[in-house]
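**Q** Can you read through this structure? Questions will come right after.
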Amino acid sequence: MTFRAKKRGKFYRLEGRFGEQLRRGTGERGRVRLSLGTMNGDAAQVLVSKIDQALAEGPGSAKWSGLRAVLPTETFVALAAIAGYVERAKHTWKDLAALFSAWTKQRVTLDKLRDSTRKRYEQTSKSFGDFLETRGIVNLDDITRDLVDEFKKWKLASILAKKQSRGGRGFVLDVAILHGIFGHAVERDWIVKNPVRMEGRPGGETDRGGSQPFKASELKKLRDAAETDMLAFLLLRHTGMRGSDAVDLRWEEIDFDSREISRLTQKRRKRVMLPIHEELFFALEAERDRRKPQPEDRVLLNSTNGQPFTRPRLYERMLAIGRRAGVQNANPHRFRDTFAVDLLHKGGSPYDVAKLLGDVVGTVEKHYAPFVRELRDRVREIMDKGVGLEQLAGTQRAQSTAPKGRIN
């Protein structure tokens with residue numbers, strides 16, 4: 001293809017020929033005479049260069065979207081037809097948000113996702129949509145990495161402005177959710193590249209600072225300060241439940257005959273069978289006899305209003321106990337950390353702890369085992385006193401080279 005910019009009147013025009021095969025009956029290639037829509041010679045030359053490159057690269061060239069914005073409509077349509085380029089439909093953020101919402105609802109129906117998790121995803125989706133409205137952005141093509149970085153700053157500032165910001169730890173989860181949403185757009189070829197860069201793994205050390213089990217002295221202070229929230233304290237202390245599971249625990253999940261709690265965890269959907277500690281058992285018996293609850297009633301009630309605890313309210317009450325006890329950041333998850341480390345101290349294996357927590361062994365080994373000195377000492381003793389590969393090889397070699405006598 002040979003094209004050049006030629007001035008015709010006030011405007012420059014694209015002129016030249018295209019095609020590799022001769023046209024039947026004429027012996028000539030296809031001829032092009034199209035307006036470039038500019039009166040500037042330098043601009044015309046730049047356009048010709050971009051057109052040549054787009055035609056050379058074919059319908060998959062990234063140049064077509066740029067040419068669409070600057071060329072006259074008739075010119076662009078003609079050139080796109082030559083290259084076989086078909087302009088894809090422009091998808092909006094609302095299209096993607098609706099697609100992702102439908103996907104999460106389907107996962108809930110298939111019991112692959114908790115409805116509470118779906119609602120958390122919707123919060124992030126709505127928050128990003130609100131941000132885009134403040135910037136006047138509609139189409140996915142206009143959502144760049146720089147724009148997403150602006151959202152991150154905006155979101156983190158809004159989180160830190162809240163009373164229950166927890167140091168902005170939910171920010172990492174928001175970014176991960178947004179990355180997943182745009183992953184659906186990439187899979188459907190709505191966009192070429194995911195514009196969201198991850199900010200760490202949700203639940204990892206960069207998110208909540210690693211495990212923070214209580215010290216023995218801190219547990220005593222918390223127990224003394226629990227007052228009307230003693231049942232909530234004991235339940236978290238002796239089960240290691242996540243806050244979401246603790247507030248949703250029902251009386252029908254407690255077997256007083258076998259002294260066990262049977263619970264399907266919300267996060268990982270794993271069935272856990274928790275033996276009930278004697279202290280907790282007596283507290284549950286007393287609460288049952290006092291309230292005479294129905295099987296479907298929730299176990300934990302807010303002592304201030306008699307209503308079932310919500311997760312944020314439980315979080316606040318535990319922090320309040322911590323303030324009275326002089327223990328900083330006494331959030332519910334620290335009780336889970338304490339439960340796991342305590343079991344390991346008592347001789348439980350990472351497998352045992354994982355089964356009771358409804359977690360995986362890898363998580364227990366990564367987050368909790370480093371706090372248990374006995375485990376490290378046991379490994380050190382095995383390394384020092386055990387027979388390793390080199391010693392084993394030496395023993396086998398000695399046996400193979402030893403003289404073999406006749407047995408009479």
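Heads up: the sequence shown runs through residues 1 to 408, numbered per the working numbering.
Backbone N, C-alpha and C fix where the C-beta goes; we use that ideal spot for every residue, glycine too.
Note that the structure is a prediction, hence the values are computed from the model and not measured.
#1: Counting only runs that start and end within the stretch 22–86, where is the alpha helix (DSSP H) found for 4 or more residues in a row?
#2: Are Phe233 and Ile159 close, meaning C-beta to C-beta below 8 Å?
#3: Is it right to say Asn40 is buried, meaning 16 or more other beta carbons lie within 10 angstroms of its own, or is it exposed?
#4: I'd like to know whether the C-beta atoms of Ser125 and Ala89 end up nearer to each other than 8 Å.
#5: According to the Cβ coordinates, are Val148 and Val196 closer than 8 Å?
#6: Is the Cβ-Cβ distance between Glu296 and Glu365 less than 8 Å?
#7: DSSP three-state call for Pro332: helix, strand or coil?
#8: Does the contact criterion of 3 or more C-beta pairs under 8 Å hold for the stretch 264–282 versus the stretch 176–195?
#9: Please state whether DSSP places Val180 in a helix, a strand or coil.
#10: Following the continuous alpha helix (DSSP H) through Ile321, name the residue where it begins and the one where it ends.
#11: Candidates Leu132, Gln123, Ser61 and His277: which alpha carbon is nearest Thr92's?
#12: Taking Cβ positions, are Ala83 and Leu34 nearer each other than 8 Å?
#13: Closest to Leu319 by C-alpha separation, out of Gly37, Asn331 and Val48, would be which residue?
#14: Can you pull the DSSP bridge partners for Glu260?
#15: Starting from Thr134, follow the alpha helix (DSSP H) in both directions and report where the run begins and ends.
#16: Using the Cβ count rule (16 or more neighbours within 10 Å means buried), how would you classify Arg13?
#17: Measuring alpha carbon to alpha carbon, tell me which residue in Thr134, Thr38, Arg317 and Ala325 is nearest Glu72.
**A** This is what the structure holds:
#1: 41–57, 63–70 and 73–83
#2: no
#3: exposed
#4: no
#5: yes
#6: no
#7: helix
#8: no
#9: Looking at the sequence shown, residue 180 is not Val but Gly. Looking at Gly180 - three-state DSSP - the assignment turns out to be helix.
#10: Arg311 to Ala325
#11: Leu132
#12: no
#13: Asn331
#14: Asp255 and Pro275
#15: Asp115 to Arg135
#16: buried
#17: First, the amino acid is wrong: residue 72 is Pro here, not Glu. Nearest of Thr134, Thr38, Arg317 and Ala325 to Pro72, Cα basis: Thr38.
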